[in-house]
DNA sequence: CCTGAAAAATTATTCGC
DNA sequence: GCGAATAATTTTTCAGG
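Protein chains in written order, with the working numbering: chain L, 1 to 159; chain B, 1001 to 1159.
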């Protein structure tokens, strides 16, 4: 297995550091150092290195969607009328600006995109679908699947 | 609009605090206080209150999936052979234990669950699908949609 | 590349107003 | 909620192995 330029060397201790920081982004270097069994100096250096290399992209508070009244999750399949490069780029750029769209992936299937949309309730979802999503560049049609229950989800970091 | 017991009162300043903390989970109370135009004392108190109320559920480092060699994303529709309560609970509990399953929702549609699965590459996905997902309790059939491009996604906080 | 300790900087907390 | 003083932590630095 050869090195890839975009994949810095990450050893066992780096992984331990990442795992702990992923679970507690506010842990101090002191405590983290204890937990991985090293002194603070190398741990601080490793964190800096992982940040500089773009492995750690940032730190965020996780918020409870329910407590914020954003409990409605729907998935939307989107089909475009034009899938030439320029159309895709226009669609991508427009989607990235929508706060209600939490995730969006281009899919190799009978539809072109799959998006996760978070709203207050189904009424607001209906509004977002009709007014915003359908108005995205080159959208031909959509199919919506509504979540009845969240079995596993990351804490939201958006408000 | 009446208060809901599970939705604490969140005013304009709380929202500002949450928005900033969601974007930078490591910001200090001092800087945060400046940004929201209050002194540190009430800002620290508000953060404690939001944490205690469960609005802020935690803090996490965001990691680059690509740099960690976890760039493969697939969505799987899962149909169960048994959708009685006990079967659903068994499925839910089993799914929550799988690190590859980043998200999972119960869906009101022709399939029962939609899951987002993250792996190293399609080879590993095939292995996870065949060995792990298909072996989850009561799984009757699955359909997979592979992401070709991530247009918008939250930083992963899992390793 | 790590240890350990000292120094410097920041941060969180407390309290009277 | 303010602002200052105090207290506690944290980050950084550096000599040494």
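Think of the CB as a built atom: it goes at the ideal place given N, C-alpha and C, for glycine as much as any other residue.
Would you mind sorting residue i into buried or exposed? The rule is 16 or more other CB atoms within 10 Å of its CB.
i: residue 1149 of chain B; result: exposed
i: residue 1002 of chain B; result: Because residue 1002 of chain B carries a pLDDT of 47, less than 50, the predicted location of this residue cannot be relied on, and no value is offered for it.
i: residue 1031 of chain B; result: exposed
i: residue 1103 of chain B; result: buried
i: residue 1039 of chain B; result: exposed
i: residue 119 of chain L; result: buried
i: residue 131 of chain L; result: exposed
Comparing the C-beta of residue i with each C-beta of chain B, is any distance below 8 Å?
i: residue 28 of chain L; result: no
i: residue 145 of chain L; result: yes
i: residue 149 of chain L; result: yes
i: residue 109 of chain L; result: yes
i: residue 34 of chain L; result: no
i: residue 8 of chain L; result: yes
i: residue 45 of chain L; result: no
i: residue 136 of chain L; result: no
i: residue 38 of chain L; result: no
Could you list which residues in chain B have their beta carbon closer than 9 Å to that of residue i, in chain order?
i: residue 62 of chain L; result: 1022, 1025, 1056, 1057, 1058, 1059, 1060, 1157
So which residues of chain B does residue i contact, with C-beta pairs closer than 7 Å?
i: residue 19 of chain L; result: 1159
i: residue 15 of chain L; result: 1159
Would you verify that the beta carbon of residue i is, or is not, closer than 8 Å to some beta carbon of chain L?
i: residue 1012 of chain B; result: no
i: residue 1071 of chain B; result: no
i: residue 1079 of chain B; result: no
i: residue 1068 of chain B; result: yes
i: residue 1042 of chain B; result: no
i: residue 1125 of chain B; result: no
i: residue 1141 of chain B; result: no
i: residue 1087 of chain B; result: no
Using a Cβ cut-off of 8 Å, pull out every chain L residue sitting near residue i, in sequence order please.
i: residue 1099 of chain B; result: Ordered by position in chain L, no residue passes the 8 Å Cβ test against residue 1099 of chain B, which lies about 11 Å from the chain.
List, in order along the chain, the chain L residues whose C-beta lies closer than 9 Å to that of residue i?
i: residue 1096 of chain B; result: 151, 152
i: residue 1102 of chain B; result: 152, 153, 154
i: residue 1052 of chain B; result: Going along chain L, no residue has its Cβ under 9 Å from residue 1052 of chain B, so there is no contact; the nearest lies around 12 Å.
Cutting at 7 Å between CB atoms, please list the residues of its own chain near residue i, excluding the five before and the five after it.
i: residue 81 of chain L; result: 138, 140
With a CB to CB cut of under 6 Å and the five nearest residues on each side skipped, what residues in its chain are close to residue i?
i: residue 1016 of chain B; result: 1036
i: residue 73 of chain L; result: 118, 147
Answer yes or no: the CB of residue i versus the heavy atoms of the ligand MN, is any distance below 7 Å?
i: residue 1013 of chain B; result: Here there are no bound small molecules, and the ligand MN is not part of this structure.
Since residue i meets chain B, which of its residues come closer than 8 Å, beta carbon to beta carbon?
i: residue 129 of chain L; result: Residues of chain B passing the Cβ test: none, with the nearest at roughly 15 Å.
Taking contact to mean 3 or more Cβ pairs, one atom from each stretch, closer than 8 Å, check whether the stretch 79-88 of chain L and the stretch 1119-1128 of chain B are in contact. no
Does the stretch 1016-1032 of chain B come into contact with the stretch 101-119 of chain L, if we say contact requires no fewer than three beta-carbon pairs (one atom in each stretch) closer than 8 Å? no
With three or more C-beta pairs closer than 8 Å as the rule, is the stretch 1049-1063 of chain B touching the stretch 1094-1103 of chain B? no
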